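**Q** Chains as they are written, first to last, in our numbering: chain A, 1 to 347; chain B, 348 to 694.
There are 2 protein chains.
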Amino acid sequence: MSKKTETPRSAKRSVTAHDVAKLAGVSQSAVSRHFTPGASVAPKTRQKIIEAAEQLGYRPNLIARSLITKKSNLIGIVLPLNTNPYYQSILEELSYELSTHGYRILLFTNQTGHDSDLLIEEILHYPLDGLILVAVNLSSHLAEECKQNDLPVVMMTRKTESKTISSVTGDNIHGVHTIVDFLLAGKHQKFAYIAGEPQSSTNYDREEAFFSYLASQGFNDVQKAIGYYTYEGARLAARKLLSVSTPPDAIFCANDHMALCALEVAQYEFKLQPGKDISIIGFDDNYLASWDSFQLTTYSQPSKQMVHQAIQLLLEQIEQEDFLPKHIIVKGELIIRYSSRLPLNYQ
Amino acid sequence: MSKKTETPRSAKRSVTAHDVAKLAGVSQSAVSRHFTPGASVAPKTRQKIIEAAEQLGYRPNLIARSLITKKSNLIGIVLPLNTNPYYQSILEELSYELSTHGYRILLFTNQTGHDSDLLIEEILHYPLDGLILVAVNLSSHLAEECKQNDLPVVMMTRKTESKTISSVTGDNIHGVHTIVDFLLAGKHQKFAYIAGEPQSSTNYDREEAFFSYLASQGFNDVQKAIGYYTYEGARLAARKLLSVSTPPDAIFCANDHMALCALEVAQYEFKLQPGKDISIIGFDDNYLASWDSFQLTTYSQPSKQMVHQAIQLLLEQIEQEDFLPKHIIVKGELIIRYSSRLPLNYQ
DNA sequence: TTGAAAGCGCTAACAA
DNA sequence: TTGTTAGCGCTTTCAA
Numbered sequence: 001m002s003k004k005t006e007t008p009r010s011a012k013r014s015v016t017a018h019d020v021a022k023l024a025g026v027s028q029s030a031v032s033r034h035f036t037p038g039a040s041v042a043p044k045t046r047q048k049i050i051e052a053a054e055q056l057g058y059r060p061n062l063i064a065r066s067l068i069t070k071k072s073n074l075i076g077i078v079l080p081l082n083t084n085p086y087y088q089s090i091l092e093e094l095s096y097e098l099s100t101h102g103y104r105i106l107l108f109t110n111q112t113g114h115d116s117d118l119l120i121e122e123i124l125h126y127p128l129d130g131l132i133l134v135a136v137n138l139s140s141h142l143a144e145e146c147k148q149n150d151l152p153v154v155m156m157t158r159k160t161e162s163k164t165i166s167s168v169t170g171d172n173i174h175g176v177h178t179i180v181d182f183l184l185a186g187k188h189q190k191f192a193y194i195a196g197e198p199q200s201s202t203n204y205d206r207e208e209a210f211f212s213y214l215a216s217q218g219f220n221d222v223q224k225a226i227g228y229y230t231y232e233g234a235r236l237a238a239r240k241l242l243s244v245s246t247p248p249d250a251i252f253c254a255n256d257h258m259a260l261c262a263l264e265v266a267q268y269e270f271k272l273q274p275g276k277d278i279s280i281i282g283f284d285d286n287y288l289a290s291w292d293s294f295q296l297t298t299y300s301q302p303s304k305q306m307v308h309q310a311i312q313l314l315l316e317q318i319e320q321e322d323f324l325p326k327h328i329i330v331k332g333e334l335i336i337r338y339s340s341r342l343p344l345n346y347q
Numbered sequence: 348m349s350k351k352t353e354t355p356r357s358a359k360r361s362v363t364a365h366d367v368a369k370l371a372g373v374s375q376s377a378v379s380r381h382f383t384p385g386a387s388v389a390p391k392t393r394q395k396i397i398e399a400a401e402q403l404g405y406r407p408n409l410i411a412r413s414l415i416t417k418k419s420n421l422i423g424i425v426l427p428l429n430t431n432p433y434y435q436s437i438l439e440e441l442s443y444e445l446s447t448h449g450y451r452i453l454l455f456t457n458q459t460g461h462d463s464d465l466l467i468e469e470i471l472h473y474p475l476d477g478l479i480l481v482a483v484n485l486s487s488h489l490a491e492e493c494k495q496n497d498l499p500v501v502m503m504t505r506k507t508e509s510k511t512i513s514s515v516t517g518d519n520i521h522g523v524h525t526i527v528d529f530l531l532a533g534k535h536q537k538f539a540y541i542a543g544e545p546q547s548s549t550n551y552d553r554e555e556a557f558f559s560y561l562a563s564q565g566f567n568d569v570q571k572a573i574g575y576y577t578y579e580g581a582r583l584a585a586r587k588l589l590s591v592s593t594p595p596d597a598i599f600c601a602n603d604h605m606a607l608c609a610l611e612v613a614q615y616e617f618k619l620q621p622g623k624d625i626s627i628i629g630f631d632d633n634y635l636a637s638w639d640s641f642q643l644t645t646y647s648q649p650s651k652q653m654v655h656q657a658i659q660l661l662l663e664q665i666e667q668e669d670f671l672p673k674h675i676i677v678k679g680e681l682i683i684r685y686s687s688r689l690p691l692n693y694q
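#1: Under a CB-based cut-off of 8 Å, is Glu264 of chain A close to chain B?
#2: Would you say Ala254 of chain A and Ala192 of chain A are within 8 Å of each other, going by their C-beta atoms?
#3: To which residues does DSSP link Gln570 of chain B through a beta bridge?
#4: Going along the chain, which residues of the segment 638–649 of chain B sit with their C-beta nearer than 8 Å to a C-beta in chain A?
#5: Taking the beta carbon of Ala597 of chain B as the centre, do at least 16 other beta carbons fall within 10 Å, making it buried, or is it exposed?
#6: Could you tell me the alpha carbon to alpha carbon distance between Asn582 of chain B and Leu98 of chain A, rounded to whole angstroms?
#7: For a contact meaning CB atoms closer than 8 Å, what does Gln495 of chain B contact in chain A?
#8: With DSSP as the reference, label Glu6 of chain A as helix, strand or coil.
#9: So, does the CB of Ser442 of chain B fall closer than 8 Å to a CB anywhere in chain A?
#10: Is DSSP giving Pro37 of chain A helix, strand or coil here?
#11: Figure out for me which residue from A:Val134, A:Tyr87 and A:Ser72 has the closest Cα to the Cα of Leu453 of chain B.
#12: Counting contacts by CB-CB distance shorter than 8 Å, is Thr456 of chain B in contact with chain A?
#13: What residues from chain B crowd round Asn73 of chain A, counting only those whose CB sits closer than 7 Å?
#14: Please look up how many angstroms separate the CB atoms of Gln642 of chain B and Tyr685 of chain B, rounded, as I've assumed it's under 8 Å.
#15: Would a C-beta distance cut-off of 8 Å place Thr644 of chain B and Phe630 of chain B closer than the cut-off?
#16: Anything in chain A within Cβ reach of Ile452 of chain B, meaning under 9 Å, just list it in chain order.
#17: Cβ atoms of Pro407 of chain B and Ala364 of chain B: under 8 Å apart, would you say?
#18: Say whether chain B places a C-beta atom closer than 8 Å to the C-beta of Thr230 of chain A.
#19: Output the residue ranges of the beta strand (DSSP E) runs that lie fully inside the segment 254–341 of chain A and measure 3 residues or longer, sorted by chain position.
#20: Among residues of its own chain, excluding the 5 on either side of Tyr348 of chain A, which ones have a beta-carbon nearer than 6 Å to its beta-carbon?
#21: Drop a sphere of 10 angstroms on the beta-carbon of Glu232 of chain A, count the other beta-carbons inside from all chains shown, and report buried for 16 or more, exposed for fewer.
#22: Where Ala11 of chain A and Ser650 of chain B are concerned, what is the direct C-alpha to C-alpha distance, given to the nearest angstrom?
#23: Should Asn457 of chain B go down as buried or exposed, given a rule of 16 or more other Cβ atoms within 10 Å for buried?
#24: List the DSSP bridge partners of Ile77 of chain A.
#25: Return no unless some Cβ of chain B is closer than 8 Å to the Cβ of Tyr338 of chain A.
#26: Could you tell me whether the Cβ atoms of Leu313 of chain A and His101 of chain A are closer together than 8 Å?
#27: Could you tell me the boundaries of the beta strand (DSSP E) in which Val168 of chain A lies?
#28: Just list the residues that DSSP pairs Phe252 of chain A with in beta bridges.
#29: Are the segment 127–144 of chain A and the segment 161–181 of chain A touching, with three or more C-beta to C-beta distances below 8 Å?
#30: Would you list the residues sitting across from Val501 of chain B in a DSSP beta bridge?
#31: Please list, in chain order, the chain A residues whose beta carbon lies closer than 9 Å to that of Glu492 of chain B.
#32: Locate the alpha helix (DSSP H) running through His141 of chain A, then write down its first and last residues.
#33: Tell me whether the beta-carbon of Val515 of chain B lies closer than 8 Å to the beta-carbon of Val677 of chain B.
#34: Which of the three DSSP states, helix, strand or coil, is assigned to Asn408 of chain B?
#35: On the DSSP letters alone, give me the boundaries of the alpha helix (DSSP H) that His18 of chain A sits inside.
#36: Distance, Cα to Cα, Tyr443 of chain B vs Arg451 of chain B?
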């Protein structure tokens, strides 16, 4: 009784254009045409197709379509989704803006520190229209692979040595210089740096700019601790920097996420009053920075603008045969809040 | 000179199994077999294929494969990616655990408040192996559609009236009762509630439980303001609740995100000391709740466990023909921190 | 173990 | 405007 009969049909057979055609009494290509914007179908035929499709609950299989159109409308996105709130904003904006262009997101998250090459290897098995790498380091080996496969790629908040890959980054140099100028105007005396992932281009740029600019102003005794761009890492780093006899009166953190943690360590563990006893400055202007609990002074990386630029770059690559890689630097601005001491007579 | 010759070839033609076969001097099906785990290929043939594939940089097109295997290894995920940090954790864990099962994520974000029916309509055009809806309300109309299309669906942190869709939710009732018991033990006198999205099942459950349990204990004068599960909404709601002559000494917020905001409003705008002048309690235990700046008392919705359950449920549905919908409630626990007044002699 | 052939669901010539 | 046909890149019978 419960024994299966001749039609197991475990593989779900979805409704196809062929089914609709049969029911409507037209050809399968007529059905295809009806779902192709701008194709010519007689009103009468169209009506029959609409009814049949409606009745069967037919929806064109977009993936099958892509096989022949060579356009999947799929954009791969790789980003670290740890607790750093900045990437949440980036992803949200990517999702929103890509959808307005008719693209869908195939999402890949990479564990921070993991080798992203394996992941990207895997990604190349999908017929993507483009790839956006957020805060991911791309080996020049794989950069070449993407190039060879004609896969448009844009890196966000990172650069690769291979100059063939376009990138959108914040203005690390201008940002750091602005921050240092601000700190110097505030008569800070002892500086420290909480570094991000040492491997990353962003950390390299920010660290290099911070130390060399300070050195040029006569400050050579600048402390450093590595926070690896994580909250936990920053906790240890901040403790280390503050646990000395004469702690710094200014800490620049390579991103906001770490700065927020440093702020808490200074405030709750070392009983220092940010903006008075110590100045803490971040980089990003993530959405927590403006919260009353933090009021973090920071240099902004305008995520909306950067996402917009990245998508424009990607679209250009998709459309143009002979696109030349561009490296866009999006200027931010110093957002002054209460985590830092103001220069006297500051307006 | 720069004029294009006979081969425009603008459509990028990727390397196919056929190309590899030709170069290796074998049939295309041999190539396919080599990339099929467990298929029988002679070592000699295999070697030739490996070399040819390597030379051409061949990778099987996973999407083309899915057309015939009827398995895309794609899971659709819909979730709101506003600034609520809880969903970032959920997405991260979904991504991680799904990848261990060989699944990839097709990501769809829905604007809070937007009609998700249109979005899901769109989603049904993709040959997904499953769909996970996070904090999204699903109309019973579309629930039926999914059922008809044999698309396995699991809802997280929401339920739908249609009992055909499986769900994983936190223990709203137990959570609220635990919270109320704790507040009563702390001798709180005046209660208020900041509501989430009025349409959502979670808000309904929490609100209903909060008000009816308090009423059963003789507290009928309980204030309410709607925060729509957003930070901004909560700000207005908190201000409203606190701007009266005798403000509440206990506010329960329908999620942590709003509770964090309420905490800030109480502290920075109304100069109230949380845990002393006022108790604020949330729901979720998101990653900010434990930060020193907040120390929010809350009832946890263990995201890791919930994600695990949701994926299990989805996998069961994918594998079993005759799966019956399940509704899993994951118990959390009261996490007592400093945003709430402790009962006397509390241990 | 291998290749030929059919076909997944669809689009896009082409001819009628 | 329509149907016929070929074929996207792949897997999977089926015979050899």
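For every residue, glycine included, the Cβ atom is placed at its ideal position computed from N, Cα and C.
Since this is a predicted model, take the numbers as computed values, not measurements.
**A** Let's see:
#1: Counting from one through the first sequence, the residue named residue 264 of chain A turns up at place 264. Answer yes: the Cβ-Cβ gap between Glu264 of chain A and chain B drops below 8 Å somewhere.
#2: The count along the first sequence starts at 1 and reaches residue 254 of chain A at position 254. The count along the first sequence starts at 1 and reaches residue 192 of chain A at position 192. Not closer than 8 Å, so no.
#3: Start at 1 with the first residue of the second sequence, and residue 570 of chain B comes out as number 223. For Gln570 of chain B, DSSP records a beta bridge to B:Ala539.
#4: Those residues of the segment 638–649 of chain B that come within reach of chain A (Cβ to Cβ, closer than 8 Å) are Trp638, Asp639, Ser640 and Phe641.
#5: Counted from its first residue, the second sequence places residue 597 of chain B at position 250. When all chains shown are included, Ala597 of chain B counts as buried.
#6: Walking along the second sequence from the start, residue 582 of chain B turns up at place 235. Walking along the first sequence from the start, residue 98 of chain A turns up at place 98. In the sequence as displayed, the identity of residue 582 of chain B is Arg instead of Asn. If I take the Cα positions, the gap works out to 31 Å.
#7: Indexing the second sequence from 1 puts residue 495 of chain B at position 148. Near Gln495 of chain B (Cβ distances below 8 Å), the residues of chain A are Gly57.
#8: In the first sequence, the residue the question calls residue 6 of chain A occupies position 6. Residue placement at Glu6 of chain A is poorly supported in this model, since its pLDDT is 30, which falls under 50; the coordinates still yield a value, given next. In the structure shown, Glu6 of chain A sits in coil (DSSP, three-state: anything other than H, G, I, E or B).
#9: Reading the second sequence from its first residue, position 95 is the one you call residue 442 of chain B. Closer than 8 Å to some Cβ of chain A, the Cβ of Ser442 of chain B qualifies, so yes.
#10: As a first step, residue 37 of chain A must be located in the first sequence, where it is residue number 37. Of the three classes helix, strand and coil, the one that applies to Pro37 of chain A here is coil, per DSSP.
#11: Here residue 453 of chain B refers to the residue found at position 106 of the second sequence. The candidate whose alpha carbon is nearest that of Leu453 of chain B is A:Ser72.
#12: Position 109 of the second sequence, counted from the first residue, corresponds to residue 456 of chain B. By the rule that beta-carbons nearer than 8 Å mark a contact, Thr456 of chain B touches chain A.
#13: Looking up residue 73 of chain A in the first sequence gives position 73. The contacting residues do not exist; Asn73 of chain A stays about 10 Å from chain B at best.
#14: In the second sequence, counting from the first residue as 1, residue 642 of chain B sits at position 295. In the second sequence, counting from the first residue as 1, residue 685 of chain B sits at position 338. So it is a contact: roughly 4 Å between Cβ atoms.
#15: Position 297 of the second sequence, counted from the first residue, corresponds to residue 644 of chain B. Position 283 of the second sequence, counted from the first residue, corresponds to residue 630 of chain B. Contact flag unset, no.
#16: Taking the second sequence and counting its residues from 1, one reaches residue 452 of chain B at position 105. Under a criterion of Cβ atoms nearer than 9 Å, the residues of chain A adjacent to Ile452 of chain B are, in order, Ile105, Leu106, Leu107, Phe108 and Thr109.
#17: For the purposes of this step, residue 364 of chain B is taken as the residue at position 17 of the second sequence. For the purposes of this step, residue 407 of chain B is taken as the residue at position 60 of the second sequence. Going by beta carbons, Ala364 of chain B and Pro407 of chain B fall inside the 8 Å limit.
#18: The count along the first sequence starts at 1 and reaches residue 230 of chain A at position 230. Interface annotation, Thr230 of chain A: not in contact with chain B, CB-CB separation never under 8 Å.
#19: Within the segment 254–341 of chain A, the complete beta strand (DSSP E) runs of at least 3 residues are 279–284, 297–300 and 327–330.
#20: Nothing about residue 348 of chain A can be read from this structure; chain A reaches only from 1 to 347.
#21: Here residue 232 of chain A refers to the residue found at position 232 when the first sequence is read from its first residue. Flag for Glu232 of chain A reads exposed.
#22: Walking along the first sequence from the start, residue 11 of chain A turns up at place 11. Walking along the second sequence from the start, residue 650 of chain B turns up at place 303. The predicted position of Ala11 of chain A is uncertain, since its pLDDT is 47 and thus under 50; a value taken from the coordinates is nonetheless stated next. Rounded to the nearest angstrom, the gap between the Cα atoms of Ala11 of chain A and Ser650 of chain B is 32 Å.
#23: Residue 457 of chain B sits at position 110 when you count from the first residue of the second sequence. By the neighbour-count rule (16 or more Cβ atoms within 10 Å), Asn457 of chain B is buried.
#24: Within the first sequence, the letter at position 77 stands for residue 77 of chain A. Ile77 of chain A pairs with A:Leu107 and A:Ile132.
#25: Along the first sequence, read from residue 1 onward, the residue named residue 338 of chain A stands at position 338. It does not; no Cβ of chain B falls within 8 Å.
#26: One-based indexing of the first sequence puts residue 313 of chain A at position 313. One-based indexing of the first sequence puts residue 101 of chain A at position 101. No, these two residues do not count as a Cβ contact at 8 Å.
#27: As a position in the first sequence, residue 168 of chain A is number 168, starting the count at 1. Taken as a continuous stretch (DSSP letters only), the beta strand (DSSP E) holding Val168 of chain A covers Ser166 to Gly170.
#28: By one-based count along the first sequence, residue 252 of chain A stands at place 252. Note: Phe252 of chain A sits in a beta bridge opposite A:Tyr193 and A:Ile281.
#29: Three or more Cβ pairs drawn from the segment 127–144 of chain A and the segment 161–181 of chain A lie within less than 8 Å of each other, which places the two stretches in contact.
#30: Position 154 of the second sequence, counted from the first residue, corresponds to residue 501 of chain B. B:Ile479 and B:Ser513, per the DSSP bridge assignment.
#31: Along the second sequence, one-based indexing puts residue 492 of chain B at 145. Residues of chain A with a Cβ closer than 9 Å to the Cβ of Glu492 of chain B are, in chain order, Gly57.
#32: Here residue 141 of chain A is taken as the residue at index 141 of the first sequence, counted from 1. Ser140 to Gln148 is the span of the alpha helix (DSSP H), which, as asked, contains His141 of chain A.
#33: Sequence index remark: in the second sequence, residue 515 of chain B carries index 168 (1-based). Sequence index remark: in the second sequence, residue 677 of chain B carries index 330 (1-based). Going by C-beta atoms, Val515 of chain B is nearer than 8 Å to Val677 of chain B.
#34: Your numbering for residue 408 of chain B matches position 61 in the second sequence. Residue state, collapsed to three classes: coil.
#35: In the first sequence, counting from the first residue as 1, residue 18 of chain A sits at position 18. Ala17 to Ala24 is the span of the alpha helix (DSSP H), which, as asked, contains His18 of chain A.
#36: To locate residue 443 of chain B, count along the second sequence from 1; it is residue 96. To locate residue 451 of chain B, count along the second sequence from 1; it is residue 104. Whole-angstrom Cα-Cα distance: 10 Å.
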